[in-house]
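Here the structure is laid out as C-alpha cells; the discussion comes afterwards.
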Amino acid sequence: MGTIQTREALWEKCVDFHGHTCSGLMIGFRAALYGMELLGLDYSQDEEAACITENDACGVDAIQVVTGCSAGKGNLLFKMRGKQAFTFYNRKTGKAVRLLLKEMDPMEKEERFQYLKTQPAEELFEVKEPTQAFPERARSFRSVECACCHEMTSENMIRLQDGKTVCLECFSPYSRFL
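Going by the numbering used here, the sequence shown opens with residue 94, and the numbers climb by one from there.
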C-alpha cells in the first residue's frame, strides 16, 4: 500500500473518497484487502496489479483507494454482471483470484455493516478461480477526427461507414441480423 497505513486510516481515505460510510464501501474495502493479502500485492503505482469488477457499486471506490487500480490507469476494468465479485491480478507473479461475496442472512443496515466489518475475510468471500484471463496492459491509441461530428476520437473507437471514419456516436450499426 505504498506507505504503511493503519487499517482505520485507510478506511477513512475510502470514506473521504466515496463521500459516506456504507456497507457497499465496506464490501469493496474488505475484498481489496483480502485480494491483496492472497496475492502478496502492494498498492499499484502503475499496472503491477489489476482488478476486474463485476459491478459498478460503492465498493469499487474502495477498490481504487486500497489497491491503486483505476480506470484511468487502465488496470480497473468493468465486466458488468451485477455480482459482488472482484478478480484481482498480480502481474509480477502471474497469479489471480476471484472473490465472490457470500450470501448473507437478512440484517438491519447497521448490523450488516458491523458484520462486514468484523467477520474474517474467508467468512465473507468465496475464493474462486478467475473467469477472465489476465487483462492486457493499457495501450495508447492515436486520435482520429470523426468525419461527421469532427470530434477527435481514440482510433480503437472509430468505425468505417460509407468509406468515412466515424465515432461510435455517429455510427449507424447495421442490425438487420440478430
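Where a beta carbon is used, it is the ideal one built from N, C-alpha and C, also for glycine.
Boundaries for residue 261: no beta strand (DSSP E) harbours it, and the DSSP string shows neither H nor E there. Straight through space, the alpha carbons of residue 210 and residue 129 are spaced by roughly 17 Å.
The C-beta distance from residue 183 to residue 133 rounds to 7 Å, short enough to fall under 8 Å. Where residue 182 is concerned, the enclosing beta strand (DSSP E) starts and stops at 178-183.
Around the Cβ of residue 228, a 10 Å sphere holds 16 or more other Cβ atoms; the residue is buried. DSSP links residue 171 through a beta bridge to 146. Proximity to residue 212 across 256, 197, 225 peaks at 197, based on C-alpha coordinates. Between residue 193 and residue 218, the CB-CB gap stays under 8 Å. Under the three-state reduction of DSSP, residue 269 is assigned to coil, being neither helix nor strand.
Put simply, of 268, 251, 270, 269 the residue whose alpha carbon is nearest the alpha carbon of residue 262 is 251.
Secondary structure of residue 211 (DSSP, three-state): helix.
Take the alpha-carbon of residue 240 and the one of residue 170: they are about 29 Å apart. In this structure, residue 144 lies away from residue 99, with their beta-carbon atoms at least 8 Å apart. Apart from sequence neighbours up to five positions away, no residue of its chain approaches residue 255 with a beta-carbon distance below 7 Å.
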